[in-house]
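Numbering (the numbering used here), first residue to last: 8 to 362. Glycine included, every Cβ here is placed at the ideal spot set by N, Cα and C. Here the structure is a predicted model, which is why all the values come from computation and not from measurement.
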Amino acid sequence: MNRIFIIEDDEKLRINICRLLKSEGYEADFAENGKIGIEKIRKIFPHLIICDIMMPGMSGSEVLEELMKDPETATIPFIFLTAKVEQADLRKGMKAGADDYLFKPFNIEDLLEAIKTRLKKKNINDQKIEEIKEHILAKIQHELRTPLVSILGFSQLIEENENIEQIKDMVRKINYSGKTLHKKIEKFLLYNYLVLIGRNNYKNTHLTIQHLYTEETIFYCLSKLNQELIPKERVKINFEPVTLPLQDEMFETIILELIENGLKYSVKHQSVMLSGYRMNGHYKICVTDTGKGMSSRDISSISAFNKFCEDKISESGLGLGLAIVQKIVDLVGGKIEIKSELNKFTSCEVTIPLN
8 MNRIFIIEDD
18 EKLRINICRL
28 LKSEGYEADF
38 AENGKIGIEK
48 IRKIFPHLII
58 CDIMMPGMSG
68 SEVLEELMKD
78 PETATIPFIF
88 LTAKVEQADL
98 RKGMKAGADD
108 YLFKPFNIED
118 LLEAIKTRLK
128 KKNINDQKIE
138 EIKEHILAKI
148 QHELRTPLVS
158 ILGFSQLIEE
168 NENIEQIKDM
178 VRKINYSGKT
188 LHKKIEKFLL
198 YNYLVLIGRN
208 NYKNTHLTIQ
218 HLYTEETIFY
228 CLSKLNQELI
238 PKERVKINFE
248 PVTLPLQDEM
258 FETIILELIE
268 NGLKYSVKHQ
278 SVMLSGYRMN
288 GHYKICVTDT
298 GKGMSSRDIS
308 SISAFNKFCE
318 DKISESGLGL
328 GLAIVQKIVD
338 LVGGKIEIKS
348 ELNKFTSCEV
358 TIPLN
């Protein structure tokens, strides 16, 4: 049953709305002012909030602004009740994130229709979130189990095998699978760390320290690639030295993720181009490959665990690479842009402010 919360200082109106909603099959609770309303909302987390704009002590706009600060309450649908003379307050409230409004006096049909519409929209969004959660779970299960199965399988074969050369080969495969598993876990942890920083509007102190990066830095990053799968000779470099507000680990992550992504999807044996240069008070890092490319829809849907070849789940791990780069770049006020043409090329360009 959907739970609706009413904040209204007019006692008669408040009680009438509650009675109406209960008669329509909703759960209803209320508060006579904004302060009490916020306290109750944080305890019961209603499915929808109806709030008067003009109230003594704390206005409806201030209530909404306070709720928007908390991720747990920021997504609750919010409907304003307002008098026609409160246009300025209404505009302020709508800018703050309200979903709808009703002018007083309103009729029952309009109120119920507004509630029904907003709850329907919320249910659709909730369903999308559940689908994303299921998608993430499927990705994690597949990507973490695959190397683990190899580790367990080869270790069991070693116990049953007396051939030294075969044992050595299986040990190498176990080592490779272990490193693969470790890398995937580290990616997952890094992404969650970056999400946490972003949600708390917290700027890591390490990101405020300036670091010098040169072509030597790039070569050092390339030395960490798996040379059997991704030989560094396939990377062409034209990198102008620069000082950036990025700690070494973050810069290294940007470079490696962009290069690995480019090499994985480029034509076999073809090179990718890594360039770095100054432009209009910014520094641009660009990696271009000659591969299968991406459609405009693929580009717009890039996010954590959401690769552009969904039917090939085993090709490229968790698909966190570009999402991690995006999070790092966001922390320093930069941006990432992807340009592509199907079956021709993909170019990932990171732009970082120099000031």
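Out of R125, T221, I158 and M301, which has the shortest C-alpha to C-alpha gap to S184? Counting from 1 along the sequence shown, the entry for residue 184 is found at position 177. Out of R125, T221, I158 and M301, I158 has the C-alpha closest to the C-alpha of S184.
7 Å Cβ cutoff met for T358 and H289: In the sequence shown, counting from the first residue as 1, residue 358 sits at position 351. In the sequence shown, counting from the first residue as 1, residue 289 sits at position 282. A distance below 7 Å separates the beta carbons of T358 and H289.
Beta-carbon within less than 8 Å of K99's beta-carbon, same chain only, minus the 5 sequence neighbours each way: which residues are those? For the purposes of this step, residue 99 is taken as residue 92 along the sequence shown, with counting starting at 1. These residues qualify, in order along the chain: S68.
Roughly how many whole angstroms lie between the Cα atoms of I57 and Q134? Reading the sequence shown from its first residue, position 50 is the one you call residue 57. Reading the sequence shown from its first residue, position 127 is the one you call residue 134. Rounded to whole angstroms, I57 to Q134 spans 23 Å at the Cα level.
Going straight from the alpha carbon of L281 to that of I292, what length do you get? For the purposes of this step, residue 281 is taken as residue 274 along the sequence shown, with counting starting at 1. For the purposes of this step, residue 292 is taken as residue 285 along the sequence shown, with counting starting at 1. The alpha-carbon atoms of L281 and I292 are separated by roughly 7 Å.
Enclosing alpha helix (DSSP H) for V70 [first to last residue]: Walking along the sequence shown from the start, residue 70 turns up at place 63. Here the alpha helix (DSSP H) through V70 covers G67 to M75.
Are at least three pairs of beta-carbons, each pair with one atom in the stretch 41-51 and one in the stretch 59-79, less than 8 Å apart? Verdict: yes, contact present.
Work out the CA separation of C228 and T260 for me, nearest whole Å. Taking the sequence shown and counting its residues from 1, one reaches residue 260 at position 253. Taking the sequence shown and counting its residues from 1, one reaches residue 228 at position 221. Straight-line Cα distance between these residues: approximately 9 Å.
I165 versus K186 - alpha carbon distance: As a first step, residue 165 is located in the sequence shown; it is residue number 158 there, counting from the start. As a first step, residue 186 is located in the sequence shown; it is residue number 179 there, counting from the start. The alpha-carbon atoms of I165 and K186 are separated by roughly 19 Å.
Coarse secondary structure for M177, derived from DSSP in three states: Here residue 177 refers to the residue found at position 170 of the sequence shown. DSSP places M177 in helix when its eight states are reduced to three.
Endpoints, beta strand (DSSP E) assigned at T89: Working through the sequence shown from its first residue, we reach residue 89 at position 82. F85 to T89 is the extent of the beta strand (DSSP E) around T89.
Give the secondary structure of N287 by DSSP, where H, G and I count as helix, E and B as strand, and everything else as coil. In the sequence shown, residue 287 corresponds to position 280, counting from 1. The answer is coil: DSSP assigns N287 none of H, G, I, E or B.
So is L349 buried or exposed if we call it buried at 16+ other beta carbons inside 10 Å? Counting from one through the sequence shown, the residue named residue 349 turns up at place 342. Label assigned to L349: exposed.
Measure the Cβ-Cβ separation of V294 and I335 and say whether it is below 7 Å. Your numbering for residue 294 matches position 287 in the sequence shown. Your numbering for residue 335 matches position 328 in the sequence shown. Not in contact: V294 and I335 (Cβ atoms no closer than 7 Å).
Distance, Cα to Cα, E240 vs H189? Position 233 of the sequence shown, counted from the start, is the residue given in the question as residue 240. Position 182 of the sequence shown, counted from the start, is the residue given in the question as residue 189. Computed Cα separation, rounded: 25 Å.
Taking 6 Å as the cut-off, is the CB of T80 close to at least one heavy atom of the ligand HEM? Summarising the ligand content, the structure contains no ligands, and the ligand HEM is consequently not present.
Is it the case that the Cβ atoms of V339 and P252 are separated by a distance below 7 Å? The residue you call residue 339 lines up with position 332 of the sequence shown. The residue you call residue 252 lines up with position 245 of the sequence shown. Yes, these two residues count as a Cβ contact at 7 Å.
Proximal residues to L1 (C-beta, below 8 Å), its chain only, five neighbours per side dropped: Because the chain is modelled from 8 through 362, residue 1 falls outside the range shown and cannot be assessed.
Buried or exposed: where does S273 fall if 16 or more other Cβ atoms within 10 Å of its Cβ makes it buried? For the purposes of this step, residue 273 is taken as residue 266 along the sequence shown, with counting starting at 1. Its Cβ being crowded by 16 or more others within 10 Å, S273 is buried.
For A81, which of Y284, Q173 and K129 has the nearest alpha-carbon? Within the sequence shown, the letter at position 74 stands for residue 81. The residue with the shortest Cα to Cα distance from A81 is K129.
Which residue wins for smallest C-alpha separation from P53, given the options R152, E79, D107 and F113? As a first step, residue 53 must be located in the sequence shown, where it is residue number 46. Nearest to P53 by C-alpha distance, out of R152, E79, D107 and F113, is E79.
Other residues of its chain near G269: CB distance less than 6 Å, five sequence neighbours each side excluded: If you number the sequence shown from 1, residue 269 lands on position 262. If we look at G269 and ignore the five residues flanking it on each side, its Cβ neighbours are V279, V294 and D296.
Ignoring anything shorter than 3 residues, give me the beta strand (DSSP E) runs that lie fully in the stretch 95-131, in order along the chain. The qualifying runs are 107-110.
Beta-carbon gap between L26 and I13 smaller than 7 Å: The count along the sequence shown starts at 1 and reaches residue 26 at position 19. The count along the sequence shown starts at 1 and reaches residue 13 at position 6. According to the sequence displayed, residue 26 carries Arg and not Leu. Against a cut-off of 7 Å, the Cβ pair of I13 and R26 comes out as no contact.
Using CA atoms only, rank isn't needed, just tell me which of A35, K123 and M8 is closest to E15. As a working note, residue 15 is residue 8 in the sequence shown. Among A35, K123 and M8, the Cα nearest to that of E15 is on A35.
Selection from M286, N199 and C355 that minimises the alpha carbon distance to G298: For the purposes of this step, residue 298 is taken as residue 291 along the sequence shown, with counting starting at 1. Closest option to G298, Cα to Cα, is C355.
Mind checking who M257 pairs with in its DSSP beta bridge? Within the sequence shown, the letter at position 250 stands for residue 257. M257 pairs with nothing; no bridge assigned.
Taking 8 Å as the limit between beta carbons, can you name the residues of its chain near V178, skipping five residues before and five after? Residue mapping note: residue 178 aligns to position 171 of the sequence shown, counting from 1. These residues qualify, in order along the chain: F161 and I165.
Whose CA, out of Y284, R10, S302 and I171, lies closest to the CA of L374? Coverage of the chain is limited to positions 8 through 362, which leaves residue 374 absent and any answer about it impossible.
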